[in-house]
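S.K.: Attaching a single structure in structure tokens format; questions to follow.
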Amino acid sequence: MSRLAMLGGTPVRTKPFPSWPVFDRGEEEAVLEVLRSGEWWRYSYGQAVEASAPGDSKVGEFQDAFAQRQGARYGVACSSGTAALEVSLKALGVGPGDEVIVPPYTFVATATAPLAVNAVPLFADIDCETFNLDPAALERAITPRTRAVIPVHFAGAAADMERILSIATRHGLFVIEDAAHGHGAAWQGKGLGSLGHVGTFSFQVSKNMTAGEGGLITTNHRDLAILCESYVWGGRKLGGAWYEHHRLGWNYRMTEFQGAILLQQLRRLDPQTTKRMENGLYLNRRLASLPGIQPLLVPAYATRHAFHIYVFRLEEAQFGVSRAVFLEALAMEGIPCTGGYAHPLYKNPMFLNQDFYPRGCPTSCNHYTGKIDYASFADLCPNAERACRKAVWLEHRLLLGGQDDMDDIVRAIEKIYHRREELSRMSNAR
Numbered sequence: 003m004s005r006l007a008m009l010g011g012t013p014v015r016t017k018p019f020p021s022w023p024v025f026d027r028g029e030e031e032a033v034l035e036v037l038r039s040g041e042w043w044r045y046s047y048g049q050a051v052e053a054s055a056p057g058d059s060k061v062g063e064f065q066d067a068f069a070q071r072q073g074a075r076y077g078v079a080c081s082s083g084t085a086a087l088e089v090s091l092k093a094l095g096v097g098p099g100d101e102v103i104v105p106p107y108t109f110v111a112t113a114t115a116p117l118a119v120n121a122v123p124l125f126a127d128i129d130c131e132t133f134n135l136d137p138a139a140l141e142r143a144i145t146p147r148t149r150a151v152i153p154v155h156f157a158g159a160a161a162d163m164e165r166i167l168s169i170a171t172r173h174g175l176f177v178i179e180d181a182a183h184g185h186g187a188a189w190q191g192k193g194l195g196s197l198g199h200v201g202t203f204s205f206q207v208s209k210n211m212t213a214g215e216g217g218l219i220t221t222n223h224r225d226l227a228i229l230c231e232s233y234v235w236g237g238r239k240l241g242g243a244w245y246e247h248h249r250l251g252w253n254y255r256m257t258e259f260q261g262a263i264l265l266q267q268l269r270r271l272d273p274q275t276t277k278r279m280e281n282g283l284y285l286n287r288r289l290a291s292l293p294g295i296q297p298l299l300v301p302a303y304a305t306r307h308a309f310h311i312y313v314f315r316l317e318e319a320q321f322g323v324s325r326a327v328f329l330e331a332l333a334m335e336g337i338p339c340t341g342g343y344a345h346p347l348y349k350n351p352m353f354l355n356q357d358f359y360p361r362g363c364p365t366s367c368n369h370y371t372g373k374i375d376y377a378s379f380a381d382l383c384p385n386a387e388r389a390c391r392k393a394v395w396l397e398h399r400l401l402l403g404g405q406d407d408m409d410d411i412v413r414a415i416e417k418i419y420h421r422r423e424e425l426s427r428m429s430n431a432r
């Protein structure tokens with residue numbers, strides 16, 4: 003085994019992996035079409051539930067096509083995945099005095115969306131094998147004040163929706179699927195975002211489909227689609243006058259440029275998802291026998307995995323080097339990598355200090371009868387704590403490469419393992 007690049011040797015790889023975002027003349031021509039049309043903004047309100055005429059709106063066409071792709075009846079495009087979560091909670095009537103259960107191992111928007119509607123986020127631990135919400139932890143976290151749960155389909159693998167939906171039904175909870183990682187993915191053959199009351203997606207630049215920014219809400223309920231579109235469009239009412247506003251809403255609209263780009267991105271979604279899944283499962287097979295490397299479990303119900311991130315746990319004692327040193331060594335071998343989330347969400351100063359709104363809402367307002375100490379969740383969420391210490395992330399763009407690229411990843415990790423003692427001595431001498 004050759005000398006480690008970190009110790010002056012030749013790296014396994016100098017060739018770059020596929021770049022992201024991926025685009026071609028399709029995106030270029032679509033953007034130019036919108037630019038030259040002068041119709042940069044969608045004027046047609048109500049397209050979430052009323053079919054738009056062909057060519058009437060790129061956004062309208064995209065939200066219909068994407069919702070259909072995910073198996074949902076309705077799609078409501080918006081400005082971001084964060085906006086999608088906030089609007090969904092608002093449309094479901096979640097508000098002051100309510101609790102929303104979320105996993106702590108996710109992007110902050112999953113937990114700040116409840117705050118945006120003056121509800122209180124509570125954290126339930128993740129499953130150590132999948133990093134998705136643990137249904138048993140969810141049920142333990144439910145109180146009489148709990149109104150909704152937001153399971154995240156982490157890294158593009160479906161959460162345990164059978165158990166989550168069963169628990170939610172038993173306790174009368176709304177289910178908002180956070181599918182920001184789940185474009186094109188499925189649970190038991192059903193598209194993510196079509197299983198709960200609503201689903202939410204992000205098209206931010208790191209996601210498996212992107213227009214730089216953007217979001218979308220999916221639902222099978224017409225009344226929710228109408229409400230969501232109203233909130234996105236400043237509180238307008240279906241069939242109402244243009245300057246007539248019926249509820250407090252926002253300007254969370256998507257531009258025609260974004261809609262045009264996303265229509266082009268959508269045509270690549272299935273082949274790219276197939277490629278990522280093939281490569282992700284190949285890495286799972288190749289790495290599973292290496293001591294200290296534990297790829298995340300792909301449950302049987304996760305019938306189509308989006309592999310937004312390729313994740314494995316590094317067990318330092320078994321592998322023989324610390325995660326910090328491993329990450330540095332792997333990067334120097336030409337494999338881009340990170341440790342993912344540095345800490346669970348409840349350890350952010352915002353939560354520890356409950357620095358949400360000037361007068362203490364929503365945790366200390368008259369509507370909320372609970373008492374909460376976010377520091378206490380560290381004891382309640384041991385799996386999330388471990389995930390933050392052990393996870394290694396590879397970006398989804400790496401999985402768009404060929405098998406030789408995947409073999410380079412494996413070779414680099416094997417090289418570090420076989421040189422672990424030398425690497426450990428070096429790190430101890432620092």
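Okay, so the sequence shown: first residue is 3 according to this note's numbering, each after it adds one.
Just so it is clear, CB atoms sit at the ideal spot from N, CA and C, and this is done for glycine as well.
1) Can you have a look at residue 200 and say buried or exposed, based on whether 16 or more other CB atoms are within 10 angstroms of its CB?
2) When you compare each of 189, 144, 157 and 21 to residue 176 by their alpha carbons, which one comes out closest?
3) Any idea what DSSP makes of residue 13, helix, strand or coil?
4) Give the list of continuous alpha helix (DSSP H) stretches no shorter than 4 residues that lie fully inside the stretch 175-234.
5) Closer than 8 angstroms is the cut-off here; do at least three beta carbon pairs connect the stretch 294-304 with the stretch 84-95?
6) Examine the Cβ distances between the stretch 267-284 and the stretch 305-317 and report whether three or more of them are shorter than 8 angstroms.
7) Using the DSSP secondary-structure output, state which residues sit across from residue 128 in a beta bridge.
8) According to the neighbour-count rule (16 or more other Cβ atoms, all chains shown, within 10 Å of its Cβ), is residue 65 buried or exposed?
9) Curious, which full-length beta strand (DSSP E) runs of at least 3 residues does the stretch 296-338 contain?
10) Could you say which of 258, 272 and 417 lies nearest to residue 323 if we only look at CA atoms?
11) If we count Cβ pairs, one from each stretch, closer than 8 angstroms, do we get three or more for the stretch 115-135 versus the stretch 237-245?
12) Look at the Cβ atom of residue 7, then the Cβ atom of residue 331, and state whether they are nearer than 9 angstroms.
13) Less than 9 angstroms between the beta carbons of residue 414 and residue 318, yes or no?
14) Roughly how many whole angstroms lie between the Cα atoms of residue 141 and residue 128?
15) Hey, would you say residue 313 sits closer than 9 angstroms to residue 396, going by beta carbons?
16) At 4 residues or longer, and completely inside the stretch 57-116: list those alpha helix (DSSP H) runs for me, N to C.
17) Check each candidate in 84, 367, 408 and 401 and name the one with the smallest Cα separation from residue 252.
18) Below 8 angstroms CB to CB, which residues in the same chain sit around residue 167 once its five sequence neighbours on both sides are set aside?
19) The beta strand (DSSP E) that contains residue 148, what's its start and end?
20) In whole angstroms, give me the CA-to-CA distance for residue 11 and residue 205.
21) Grab me the residues of residue 130's own chain with a C-beta within less than 6 angstroms of its C-beta, minus the 5 sequence neighbours each way, in chain order.
22) Among 203, 288, 100 and 229, which residue has its Cα nearest to the Cα of residue 81?
23) On the three-state DSSP scale, how would you describe residue 154?
24) Contact between the stretch 101-113 and the stretch 252-270 is defined here as three or more beta-carbon pairs at a separation below 8 angstroms; is this criterion met?
25) By the DSSP assignment, the alpha helix (DSSP H) with residue 33 in it spans what residues?
26) When we look at the beta-carbon of residue 410 and count the other beta-carbons within 10 Å, is it buried (16 or more) or exposed?
27) The alpha helix (DSSP H) that contains residue 412, what's its start and end?
M.R.: Checking against the coordinates, here is how it stands:
1) As a working mapping, residue 200 is identified with position 198 in the sequence shown. Classification of residue 200: buried, given that the 10 Å Cβ count is 16 or more.
2) For this step, residue 176 is matched to residue 174 along the sequence shown. Residue 176 has its Cα closest to that of 144, out of 189, 144, 157 and 21.
3) Looking up residue 13 in the sequence shown gives position 11. Here residue 13 sits in coil by DSSP.
4) Within the stretch 175-234, the complete alpha helix (DSSP H) runs of at least 4 residues are 224-234.
5) These segments do not touch.
6) Verdict: yes, contact present.
7) In the sequence shown, the residue the question calls residue 128 occupies position 126. According to DSSP, which records beta bridges pairwise, residue 128 is partnered with 135.
8) In the sequence shown, residue 65 corresponds to position 63, counting from 1. Per the 10 Å Cβ criterion, buried.
9) 311-316, all fully within the stretch 296-338.
10) As a first step, residue 323 is located in the sequence shown; it is residue number 321 there, counting from the start. Selected option, being the one with the closest Cα: 417.
11) Look at the beta carbons and you see the stretch 115-135 not touching the stretch 237-245: under three pairs across the two are nearer than 8 angstroms.
12) Here residue 7 corresponds to residue number 5 of the sequence shown, with the count starting at 1. Here residue 331 corresponds to residue number 329 of the sequence shown, with the count starting at 1. For residue 7 and residue 331, yes; Cβs fall inside 9 angstroms.
13) Here residue 414 corresponds to residue number 412 of the sequence shown, with the count starting at 1. Here residue 318 corresponds to residue number 316 of the sequence shown, with the count starting at 1. Their beta carbons are not under 9 angstroms apart, which means residue 414 does not touch residue 318 by this criterion.
14) To locate residue 141, count along the sequence shown from 1; it is residue 139. To locate residue 128, count along the sequence shown from 1; it is residue 126. Just so you know, the alpha carbons of residue 141 and residue 128 end up roughly 12 angstroms apart.
15) Position 311 of the sequence shown, counted from the first residue, corresponds to residue 313. Position 394 of the sequence shown, counted from the first residue, corresponds to residue 396. Going by C-beta atoms, residue 313 is nearer than 9 angstroms to residue 396.
16) Secondary structure within the stretch 57-116: the alpha helix (DSSP H) runs of 4 or more consecutive residues, fully enclosed, are 60-72 and 83-93 (chain order).
17) As a working mapping, residue 252 is identified with position 250 in the sequence shown. Comparing Cα-Cα distances from residue 252 to each of 84, 367, 408 and 401, the minimum goes to 84.
18) Numbered from 1 along the sequence shown, position 165 holds the residue referred to as residue 167. Around residue 167: 177, 197 and 198.
19) Walking along the sequence shown from the start, residue 148 turns up at place 146. First-last of the beta strand (DSSP E) with residue 148: 148-151.
20) Counting from one through the sequence shown, the residue named residue 11 turns up at place 9. Counting from one through the sequence shown, the residue named residue 205 turns up at place 203. Spanning the alpha carbons of residue 11 and residue 205 requires a straight line of approximately 40 angstroms.
21) Indexing the sequence shown from 1 puts residue 130 at position 128. Excluding sequence neighbours, residue 130 sits near 385.
22) Translated into the one-based positions of the sequence shown, residue 81 becomes position 79. Here the closest residue by C-alpha is 203.
23) For the purposes of this step, residue 154 is taken as the residue at position 152 of the sequence shown. Residue 154 carries a strand assignment under DSSP once its states are collapsed to helix, strand and coil.
24) They do not touch, by the three-pair rule.
25) Here residue 33 refers to the residue found at position 31 when the sequence shown is read from its first residue. Element bounds for residue 33: 27-39.
26) Indexing the sequence shown from 1 puts residue 410 at position 408. By the 10 Å Cβ count, residue 410 comes out buried.
27) Taking the sequence shown and counting its residues from 1, the one referred to as residue 412 is at position 410. In the DSSP assignment, residue 412 falls within the alpha helix (DSSP H) that extends over 405-420.
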